[in-house]
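Since the structure comes first, as structure tokens, the remarks are kept for the end.
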Amino acid sequence: MQKVLLIGANGFLGSKLIYYIQNELYSHKFIPIAADIQNNTIPKEIDFQRIDITNKEKTIETIKKINPDTVILTAAYTDVDKCEDEKKLAHDLNILGPENVALGCREINSKIIVLSTDFVFDGKKGDYSEIDEPKPLSYYAKTKFEGEKRIIKTRVDYLICRTAVLYGWYPYRQNFITWILNNLEKGNKINIVTEQINSPTLANNLAEILLHLIDYNKSGIIHTAGDYALSRYEIAVKCAEIFSFSQKLIHPIDFFKQKAIRPKNASLNISKLKKILGNKLKIFNLDEGLNFMKEHKNL
Ligand SMILES: NC(=O)c1ccc[n+]([C@@H]2O[C@H](COP(=O)([O-])OP(=O)(O)OC[C@H]3O[C@@H](n4cnc5c(N)ncnc54)[C@H](OP(=O)(O)O)[C@@H]3O)[C@@H](O)[C@H]2O)c1
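Numbered according to the working numbering, the sequence shown spans residues 63 to 361.
Here's what the structure looks like:
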């Protein structure tokens with residue numbers, strides 16, 4: 063069995079990993095240890111360690127003490143607009159944090175799996191593959207790309223998984239899709255931009271994809287996003303269609319003023335991931351992901 067340390071375990075993706083790693087499909091393969099800056103949500107049966115990834119010495123020391131085979135790092139400063147104002151925090155969490163964790167992993171020869179973003183690309187081309195050159199636009203994106211580079215530089219065994227627009231049920235914070243569903247359910251009119259294209263990714267599906275990639279011992283960079291890219295407006299229309307809400311509430315707009323600049327078309331090419339997974343695990347498109355949410359309201 064593999065010992066897997068999940069840093070960022072309270073967060074959106076972290077909580078899905080905690081759920082799936084306990085599932086009978088995976089529980090015979092992995093021994094989970096949860097870590098985060100504090101213990102908010104971790105089930106009692108899972109070991110918890112407090113780790114602040116910005117504290118270099120303690121992070122390295124704790125990783126060495128736990129001695130995991132693999133570390134999955136989902137902890138990050140993820141609020142794209144706030145990163146523009148809180149540059150020091152974003153720098154410490156998204157650049158120094160991954161570097162510190164990678165240094166700890168390198169000392170004990172364990173693997174680091176780190177989550178990155180489609181926003182590392184400038185969005186001029188779309189359908190980005192792993193060999194396309196990143197050109198981040200916002201401060202968040204710059205820190206995430208620099209975090210990738212710092213990890214590679216430590217010469218640790220790494221897997222960088224770039225993902226996009228995570229969605230699914232999560233009681234502690236809304237995501238783009240739960241925000242749309244909430245508004246449509248209340249009958250609120252919403253203005254949604256047509257000019258931003260991404261590959262929406264069901265967090266539940268991504269958690270299972272990551273557990274498969276540990277099992278297959280994959281290294282390097284892999285785009286791990288949902289199957290099929292859509293504009294934000296098309297995403298909203300799909301939400302209305304699948305959850306039977308009125309599409310008339312959704313108004314397309316060309317431009318939406320946001321603090322951080324977003325790439326126009328950051329869609330990710332997932333051919334590499336599809337080849338690795340073969341028919342072992344389905345990569346969900348938005349229809350399948352929304353139907354999954356409809357059928358599993360507590361998952
Ligand atoms: N969400 C998306 O749409 C999206 C899209 C593309 C890529 N990604 C990437 O996917 C990963 C996971 O995203 P997510 O949405 O699951 O993130 P999240 O919900 O924001 O979770 C991050 C977790 O890290 C914790 N944390 C904060 N500071 C920490 C520190 N110093 N040391 C240790 N833990 C700390 C947070 O705790 P507190 O909540 O207490 O601060 C939180 O539990 C991130 O790397 C993100 O960049 C996400």
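Even for Gly, the Cβ is constructed at its ideal location relative to N, Cα and C. Quantities reported herein were computed from a predicted structural model and do not represent experimental measurements.
Quick test of your reading: residue i and residue j, contact by CB under 8 Å. State the CB separation rounded to the nearest angstrom.
i: L135; j: V163; result: 5 Å
i: I122; j: V133; result: Between V133 and I122 the Cβ distance is about 12 Å, and since that is not below 8 Å, they are no contact.
i: C223; j: L177; result: 6 Å
i: D277; j: K91; result: 6 Å
i: A265; j: Y229; result: 7 Å
i: K334; j: I284; result: 6 Å
i: I304; j: K356; result: 6 Å
i: C301; j: L246; result: 7 Å
i: V182; j: K206; result: 6 Å
i: R324; j: F74; result: With a Cβ gap of about 19 Å, R324 and F74 do not count as contacting.
i: L361; j: W231; result: 6 Å
Keeping to the same chain, check which residues put their C-beta closer than 7 Å to that of residue i; ignore five residues upstream and five downstream.
i: K215; result: none
i: E208; result: I157
i: I174; result: V133, L135, V163, A164, C167, I213, V218 and Y220
i: Q100; result: R112
Apart from the five residues on each side of it in sequence, which residues of its chain come closer than 6 Å, Cβ to Cβ, to residue i?
i: G65; result: Correcting the residue identity first, residue 65 is Lys in this sequence and not Gly. Once the five neighbours on either side are set aside, the close Cβ partners of K65 are I93, P130 and D131.
i: D109; result: I95
i: A298; result: I242, I254 and I312
i: G188; result: N327 and S329
i: I271; result: T286
i: K118; result: N162
i: L79; result: L68 and A269
How many angstroms separate the CA atom of residue i from the CA atom of residue j?
i: K120; j: Q309; result: 51 Å
i: P105; j: S329; result: 35 Å
i: I315; j: R294; result: 10 Å
i: T103; j: Y190; result: 35 Å
i: T240; j: G70; result: 21 Å
i: P196; j: D184; result: 7 Å
i: Y220; j: L68; result: 15 Å
i: A137; j: S172; result: 18 Å
i: G306; j: A152; result: With the sequence shown as reference, residue 306 is identified as Ser, and Gly is not the correct amino acid for it. Each residue's alpha carbon lies about 39 Å from the other.
i: E296; j: L348; result: 10 Å
i: K204; j: K149; result: 11 Å
i: K319; j: Y202; result: 17 Å
i: L292; j: P262; result: 8 Å
i: D143; j: L155; result: 15 Å
i: T179; j: N260; result: 11 Å
i: N279; j: I115; result: 24 Å
i: G351; j: N237; result: 14 Å
i: N353; j: L268; result: 16 Å
i: K186; j: I128; result: 43 Å
i: I345; j: K248; result: 31 Å
i: K337; j: A322; result: 34 Å
i: A97; j: Q258; result: 34 Å
i: N250; j: T256; result: 19 Å
i: E192; j: N331; result: 8 Å
i: Y139; j: S77; result: 16 Å
i: L72; j: D141; result: Before going further, note that residue 72 is Asn rather than Leu in the sequence given. Distance between the alpha carbons of N72 and D141: 16 Å.
i: M63; j: H274; result: 14 Å
With a threshold of 8 Å on Cβ separation, who are the neighbours of residue i within its own chain once the five nearest residues in sequence on each side are excluded?
i: S89; result: I83
i: R217; result: R168
i: D147; result: K321
Measuring from the CB of residue i, is there a heavy atom of ligand 2 at a distance below 7 Å?
i: K204; result: Although ligand 2 was asked about, the structure shown includes only ligand 1 as ligands.
query: At what residue ranges does the segment 79–164 contain a whole run of the beta strand (DSSP E), taking only runs of 3 or more?
result: Segments of the beta strand (DSSP E) lying fully in the segment 79–164: 92–98, 109–112 and 132–135.
- request: Please specify which runs of the beta strand (DSSP E), each continuous and at least 3 residues long, are wholly inside the segment 264–290, giving them in chain order.
  value: Fully enclosed beta strand (DSSP E) runs of 3 or longer: 282–285.
field: Contained alpha helix (DSSP H) runs [length at least 4] in the segment 187–247, N- to C-terminal order
entry: The qualifying runs are 201–215.
- request: Return the chain-ordered ranges of every alpha helix (DSSP H) run that is complete within the segment 292–345 and spans a minimum of 4 residues.
  value: Runs of the alpha helix (DSSP H) spanning 4 or more residues and lying entirely within the segment 292–345 occur at 294–304 and 333–339, in chain order.
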